[in-house]
Ligand code: ADP
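In our numbering, the protein residues as written are 178 to 344.
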């Protein structure tokens, strides 16, 4: 069992065991939260990412956190929204499940998620939040080491959606 918390702000500033990056298939950096994480972590992160041979959509890979306060970064690749015709919901579920599984396997206590796929990838925010919280609540039943899962909303709309769902 773990607690679920909501914050509004910049995920790169959190002192947690792992932050999740909403990366792209190359894992070589990009815009949005991905760019912010790479800037805050420093060039060591990109060097390690270059050794990972990318990542499939719906999967996740681990790196160290370098200059971040977080010890680790779990890079996951969310689906690009395509009207719901390309298995996007199942792929997003898989992102959350994989990140939680990796964190728990490493015996981490705290993990923070951004709102994966809801930026340039265009996934509808309400549905994405329902998936994130649904998978997290499901995982809470089997988690062993995790004590705290934090959702970090950057924009007010996501913050509002999550706070309503968490009530
Ligand atoms: P994607 O390509 O998965 O849609 P984006 O980075 O474009 O990824 O957006 C994912 C989410 O991350 C969006 O809700 C965006 O507002 C948010 N975001 C952007 N920068 C940050 C940040 N520094 N900390 C936390 N969340 C962020």
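Glycine residues also receive a C-beta, built at the ideal position from the N, C-alpha and C atoms. Since we're looking at a predicted model, the values are computed, not measured.
Whole angstroms is fine: what's the gap from residue i's alpha carbon to residue j's?
i	j	result
residue 322	residue 328	18 Å
residue 194	residue 251	10 Å
residue 260	residue 296	15 Å
residue 246	residue 190	7 Å
residue 226	residue 286	24 Å
residue 242	residue 214	9 Å
Tell me, please, which residues DSSP counts as bridged to residue i.
i	result
residue 193	For residue 193, which the question treats as bridged, DSSP gives no partner whatsoever.
residue 183	328
residue 200	254
Am I right that residue i and residue j are in contact with their C-beta atoms under 8 Å? What's the rounded C-beta distance?
i	j	result
residue 204	residue 231	5 Å
residue 273	residue 308	7 Å
residue 279	residue 306	Actually they do not touch by this definition, with Cβ atoms about 21 Å apart.
residue 257	residue 298	5 Å
Closer than 7 Å to a non-hydrogen atom of the ligand ADP - does that hold for the CB of residue i?
i	result
residue 328	no
residue 189	yes
residue 218	no
residue 298	yes
residue 250	no
residue 309	no
residue 293	yes
residue 179	no
Output the residue ranges of the alpha helix (DSSP H) runs that lie fully inside the stretch 206-239 and measure 4 residues or longer, sorted by chain position.
Listed in chain order, the alpha helix (DSSP H) runs fully inside the stretch 206-239 are 209-218 and 220-227, counting runs of at least 4 residues.
3-residue-minimum beta strand (DSSP E) runs that sit fully inside the stretch 266-329, ordered along the chain
287-290
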